[in-house]
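Novice: Line by line, the protein sequences are chains A and B. The opening residue of the first sequence carries number 0 in numbering that gives the first Met the number 0; numbering runs sequentially from there. The opening residue of the second sequence carries number 0 in numbering that gives the first Met the number 0; numbering runs sequentially from there. Every residue, glycine too, gets a C-beta built ideally from N, C-alpha and C. What follows is a structure written as structure tokens; I'll ask about it next.
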Amino acid sequence: MIEVEGLTKRYDRTLAVDDISFHIRKGEVVGLLGPNGAGKTTTMKILTCYLSATSGRASINGFDTFDNSLQVREQIGYLPESCPLYLDSDVVAYLEFCAEVRGIDVSKRKAAVDRVVSDCDLGKVTRKVIGHLSKGYRQRVGMAQALLHNPPVLILDEPTSGLDPNQIRDILSLIHNLGREKTVIHSTHILSEVEATSDRVLIINNGRIVAQGTPRELMDKASGTTVYLTVKGDGCQGHIANASFVSRAEKIGDGTNGFFRMAVHGIDGGDISVELYRLAVENGWLVSELRAESASLQDVFANLTKIGKA
Amino acid sequence: MQTRNVSAIFKKELRSYFASPVGYVFIIFYLLVSNGFFFFIADFFRAGQASMRGYFGTLPWIFLFFVPAISMRLWAEEKKVGTLEILLTMPLRETEVVIGKFLGAFAFLAITLALTITLPLSIHYLGRPDMGVILGCYCGALLLGAAYLAIGLLISSLTESQVVAFIVSVAAIFFLLALGAAPVYLNSLGPLVHICEYLSLKSHFDNITRGVIDSRDVVYYLSVVTLFLYLNVKNIESRKWR
């Protein structure tokens with residue numbers, strides 16, 4: 000559906016996107032994750048044909064973004080960062096203008112506008128001037144504009160920025176639902192958002208893709224599961240460190256009454272809390288804490304983007 | 000190029016002049032100024048002639064300030080607010096957007112100009128003006144305005160600031176007007192004087208106010224419009240050059 004090969008974009012002296020390649024299948028929801036200035040927006044601007052790449056190519060549904068830009072633009076709905084809108088127009092007039100430019104037949108325009116007004120919950124503000132709307136409503140008008148022509152591909156640049164938690168939840172569930180029938184690329188620097196919505200995550204830093212995979216895969220790949228254990232017993236530290244299923248065990252603190260606390264990593268990064276429990280029972284140790292914790296996407300992100308900077 | 004797309008942009012632009020008080024204020028102010036010029040500065044009553052020649056003589060200078068005010072927002076505002084990004088990622092050709100915007104602004108100018116119809120009507124009431132000449136002058140005014148608009152539109156596409164667009168447009172148009180006055184100052188330039196005179200926006204308009212619509216003058220204005228709209232399209236496309 001979306002093919003990107005060796006995409007590079009240079010603005011004067013800065014390299015914004017550096018040889019990025021990825022493929023997105025039909026119906027996937029992909030999150031572009033990265034710190035500000037990582038190259039997410041530039042990548043999206045190239046995909047939407049607003050800018051052209053310095054080198055490399057991108058295509059959507061088989062149409063090249065440079066050579067067949069009109070066809071590409073017919074396939075996509077785009078919500079740019081900061082959601083720019085004509086502030087002096089009212090909501091319906093704006094959507095009707097978009098429908099006209101999108102080539103929606105006069106007889107079907109009203110139906111198309113009504114559909115996005117209800118999908119984006121704009122019923123209360125149809126005749127209000129966009130400039131008088133709150134940020135949340137404006138974002139929804141931007142989404143409505145992107146959905147109006149029922150495009151197979153949606154490109155959303157930070158669709159949740161500047162919204163309150165309820166509005167964020169609404170937009171995320173909208174994205175999630177859209178993902179059932181559309182291919183969606185959305186960018187964000189908030190990790191929980193991609194966890195909640197995306198089938199796949201591309202982590203971008205300094206213009207390069209530093210990791211990709213499902214949120215789950217990325218978490219497992221990063222450092223696996225750590226089991227925290229607070230335990231008391233003879234020679235238990237040595238025992239645990241030498242157990243066959245343990246790759247690494249370190250003492251991270253002393254508890255009271257002879258307990259001490261350890262962080263234990265399994266051999267294949269899996270959850271070894273059950274094995275540890277059995278070991279403790281077999282040896283008659285006292286256990287006051289046994290807790291498995293996966294690396295969060297937060298950790299993955301922090302690690303990858305730090306490495307990228309070094 | 001698709002007419003449907005041009006017409007969508009045209010309607011959007013024309014509507015947006017009337018979406019806020021700005022359009023109305025502009026029209027009222029223009030009517031005040033042009034009536035003031037007609038009756039007092041061009042001194043219609045003392046001149047004792049049933050003609051609008053004095054008024055049309057001052058028109059290039061009135062337009063100098065009014066037309067850039069129409070064109071300044073066309074691109075600069077979209078760039079500043081960021082709506083340009085949505086507009087240019089819709090399935091539209093750059094040519095369609097440029098022509099649509101130009102025609103929208105031109106229609107607004109034409110509406111404003113049409114509202115000065117009270118002037119020829121007043122003259123007609125008072126005397127026997129040559130309505131053919133007046134009609135010709137109105138056509139000339141539209142041609143002159145179209146040329147100003149095309150220049151202003153290009154300049155608006157070069158900046159994000161409407162104020163900069165306005166000031167630079169006034170300066171650029173003033174330069175092209177003043178070329179027509181060059182013979183006075185630049186007698187020493189010899190043959191260059193004729194070139195300056197030919198290039199000037201004003202000398203061609205002067206021909207029209209004399210009551211002669213010469214195809215050469217019409218061609219001149221249409222060429223100016225075409226040239227600047229072409230440059231405008233190229234400038235909008237230039238973001239994608241590689």
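1. Would I172 (chain B) and Y147 (chain B) qualify as a contact pair, given that the criterion is a beta-carbon distance under 8 Å?
2. Specify the secondary structure class of C40 (chain A) as computed by DSSP and reduced to three states.
3. Count the other C-beta atoms from every protein chain shown that fall within 10 angstroms of the C-beta of V280 (chain A), then say buried if there are 16 or more, exposed otherwise.
4. Any beta carbon of chain A sitting closer than 8 Å to that of A68 (chain B)?
5. List, in chain order, every chain A residue whose beta-carbon is nearer than 7 Å to that of T88 (chain B).
6. Can you tell me the Cα-Cα spacing of N149 (chain A) and G206 (chain A), whole angstroms?
7. Let me check understanding here. Comparing Cα to Cα, which of A:P83, A:T40 and A:G61 lies closest to E2 (chain A)?
8. Taking 8 Å as the limit between beta carbons, can you name the residues of its chain near E236 (chain B), skipping five residues before and five after?
9. By how many angstroms is the C-alpha of D113 (chain A) removed from the C-alpha of R3 (chain B)?
10. What is the rounded straight-line gap between the Cα of T40 (chain A) and the Cα of Y220 (chain B)?
11. Using a beta-carbon distance cut-off of less than 8 Å, what residues from the stretch 224-241 of chain B approach chain A?
12. Can you pull out the residues from the stretch 75-86 of chain B whose beta carbon lies closer than 7 Å to at least one beta carbon of chain A?
13. What residues of chain B sit near T53 (chain A), judged by a beta carbon separation below 7 Å?
14. Could you give the DSSP three-state label for F258 (chain A): helix, strand or coil?
15. Which residue's Cα is closest to the Cα of E99 (chain A): B:G53, B:A104, B:W60 and B:F9?
16. Going by the DSSP bridge assignment, what does H185 (chain A) pair with across the sheet?
17. Does the count of Cβ pairs from the stretch 8-19 of chain A and the stretch 199-215 of chain A closer than 8 Å reach three?
18. Of all the beta strand (DSSP E) runs that stay within the bounds of the stretch 182-254 of chain A, which reach a length of 3 or more residues?
19. Determine the chain B residues that contact E4 (chain A) at a beta-carbon separation under 7 Å, and present them in chain order.
20. Would you report the Cα separation of F174 (chain B) and H193 (chain B), rounded to the nearest angstrom?
21. Specify, as a first and last residue, the run of the alpha helix (DSSP H) that F21 (chain A) falls within.
22. Should I131 (chain B) and F204 (chain B) be called a contact, given that it needs their Cβ atoms to be closer than 8 Å?
23. Rounding to the nearest angstrom, what Cα-Cα distance links R27 (chain B) and G130 (chain A) in this structure?
24. Could you check whether the Cβ of R101 (chain A) sits closer than 8 Å to any Cβ belonging to chain B?
25. Grouping DSSP H, G and I as helix and E and B as strand, with all else coil, what is T225 (chain B)?
26. Per the contact definition of three or more C-beta pairs closer than 8 Å, is the stretch 66-86 of chain B in contact with the stretch 62-70 of chain A?
27. My output table needs one value for S54 (chain A): the three-state DSSP class, helix, strand or coil.
28. With a 10 Å radius around its C-beta and 16 neighbouring C-beta atoms as the bar for buried, classify W60 (chain B) as buried or exposed.
29. Taking only the alpha-carbon atoms, compute the straight-line gap between C195 (chain B) and K109 (chain A) and give it to the nearest angstrom.
30. Note down, in chain order, every chain B residue with its Cβ under 8 Å from the Cβ of Q138 (chain A).
31. Return the first residue and the last residue of the beta strand (DSSP E) that S287 (chain A) is part of.
32. Taking 8 Å as the cut-off, decide whether the C-beta atoms of G122 (chain A) and Q166 (chain A) are in contact.
33. Determine whether the beta carbon atoms of D253 (chain A) and F259 (chain A) lie at a separation below 8 Å.
34. Excluding the 5 residues preceding and the 5 following T225 (chain B) in the sequence, name in chain order all residues of the same chain whose CB lies nearer than 7 Å to its CB.
35. With DSSP as the reference, identify every bridge partner of V3 (chain A), one or two as the case may be.
36. Who are the near neighbours of N234 (chain B) in its chain, counting only those whose CB is closer than 8 Å to its CB and skipping five residues on each side?
Specialist: Working from what's here:
1. The count along the second sequence starts at 1 and reaches residue 172 (chain B) at position 173. The count along the second sequence starts at 1 and reaches residue 147 (chain B) at position 148. Closer than 8 Å, so yes.
2. By one-based count along the first sequence, residue 40 (chain A) stands at place 41. The sequence given here places Thr at residue 40 (chain A); Cys does not occur at that position. It is helical.
3. Here residue 280 (chain A) refers to the residue found at position 281 of the first sequence. V280 (chain A) is exposed by the Cβ-count criterion.
4. Numbered from 1 along the second sequence, position 69 holds the residue referred to as residue 68 (chain B). No - not a single Cβ of chain A is within 8 Å of the one on A68 (chain B).
5. Translated into positions along the second sequence, residue 88 (chain B) becomes position 89. What T88 (chain B) touches in chain A: T47, C48, Y49, R72 and Y77.
6. In the first sequence, the residue the question calls residue 149 (chain A) occupies position 150. In the first sequence, the residue the question calls residue 206 (chain A) occupies position 207. Approximately 31 Å, taken between the alpha carbons.
7. Position 3 of the first sequence, counted from the first residue, corresponds to residue 2 (chain A). Nearest of A:P83, A:T40 and A:G61 to E2 (chain A), Cα basis: A:G61.
8. Taking the second sequence and counting its residues from 1, one reaches residue 236 (chain B) at position 237. Excluding positions up to five away in sequence, the list reads E93.
9. Taking the second sequence and counting its residues from 1, one reaches residue 3 (chain B) at position 4. Taking the first sequence and counting its residues from 1, one reaches residue 113 (chain A) at position 114. About 22 Å.
10. Residue 40 (chain A) sits at position 41 when you count from the first residue of the first sequence. Residue 220 (chain B) sits at position 221 when you count from the first residue of the second sequence. Taking the straight line from one Cα to the other gives about 42 Å.
11. R238, K239, W240 and R241
12. Correct list: V80, G81, T82, E84 and I85.
13. As a first step, residue 53 (chain A) must be located in the first sequence, where it is residue number 54. What T53 (chain A) touches in chain B: R241.
14. Here residue 258 (chain A) corresponds to residue number 259 of the first sequence, with the count starting at 1. The answer is coil: DSSP assigns F258 (chain A) none of H, G, I, E or B.
15. Within the first sequence, residue 99 (chain A) is the residue found at index 100, counting from 1. Of the candidates B:G53, B:A104, B:W60 and B:F9, the one whose C-alpha sits nearest the C-alpha of E99 (chain A) is B:F9.
16. Here residue 185 (chain A) refers to the residue found at position 186 of the first sequence. Looking at the DSSP assignment, H185 (chain A) forms a beta bridge with A:G30 and A:L155.
17. yes
18. 182-187, 199-204, 207-212, 224-231 and 245-253
19. Translated into positions along the first sequence, residue 4 (chain A) becomes position 5. Within chain B, no residue comes near E4 (chain A); the closest Cβ sits about 16 Å away, beyond 7 Å.
20. The count along the second sequence starts at 1 and reaches residue 174 (chain B) at position 175. The count along the second sequence starts at 1 and reaches residue 193 (chain B) at position 194. Roughly 16 Å between the two C-alpha positions.
21. Within the first sequence, the letter at position 22 stands for residue 21 (chain A). F21 (chain A) -> not in any alpha helix (DSSP H); beta strand (DSSP E) instead, spanning T13 to I23.
22. As a first step, residue 131 (chain B) must be located in the second sequence, where it is residue number 132. As a first step, residue 204 (chain B) must be located in the second sequence, where it is residue number 205. The residue you asked about is not Ile; residue 131 (chain B) is Gly in the sequence shown. No, these two residues do not count as a Cβ contact at 8 Å.
23. Position 28 of the second sequence, counting from 1, holds the residue named residue 27 (chain B). Position 131 of the first sequence, counting from 1, holds the residue named residue 130 (chain A). It should be pointed out that residue 27 (chain B) corresponds to Ile in this sequence rather than to Arg. Spanning the two alpha carbons is a distance of roughly 25 Å.
24. Locating residue 101 (chain A) in the first sequence gives position 102, counting from the first residue. Yes, its Cβ sits closer than 8 Å to a Cβ of chain B.
25. Against the second sequence, residue 225 (chain B) aligns to sequence position 226. Reduced to three states, the DSSP call for T225 (chain B) is helix.
26. no
27. If you number the first sequence from 1, residue 54 (chain A) lands on position 55. In this structure, S54 (chain A) counts as strand in the three-state DSSP scheme.
28. Here residue 60 (chain B) corresponds to residue number 61 of the second sequence, with the count starting at 1. Exposed, since its Cβ has fewer than 16 Cβ neighbours within 10 Å.
29. Taking the second sequence and counting its residues from 1, the one referred to as residue 195 (chain B) is at position 196. Taking the first sequence and counting its residues from 1, the one referred to as residue 109 (chain A) is at position 110. The straight-line gap from Cα to Cα measures roughly 54 Å.
30. If you number the first sequence from 1, residue 138 (chain A) lands on position 139. Correct list: empty, because the minimum Cβ distance to chain B is about 13 Å.
31. Walking along the first sequence from the start, residue 287 (chain A) turns up at place 288. Start and end: L285 to S293.
32. Translated into positions along the first sequence, residue 122 (chain A) becomes position 123. Translated into positions along the first sequence, residue 166 (chain A) becomes position 167. No, these two residues do not count as a Cβ contact at 8 Å.
33. The sequence position of residue 253 (chain A) within the first sequence is 254, counting from 1. The sequence position of residue 259 (chain A) within the first sequence is 260, counting from 1. Result yes, Cβ atoms of D253 (chain A) and F259 (chain A) sit closer than 8 Å.
34. If you number the second sequence from 1, residue 225 (chain B) lands on position 226. Taken in chain order, the list of residues that qualify is empty.
35. Locating residue 3 (chain A) in the first sequence gives position 4, where the first residue counts as 1. Beta-bridge pairing links V3 (chain A) to A:F21 and A:A57.
36. Position 235 of the second sequence, counted from the start, is the residue given in the question as residue 234 (chain B). Excluding residues within five positions, the ones whose Cβ falls inside 8 Å are L153, S156 and L157.
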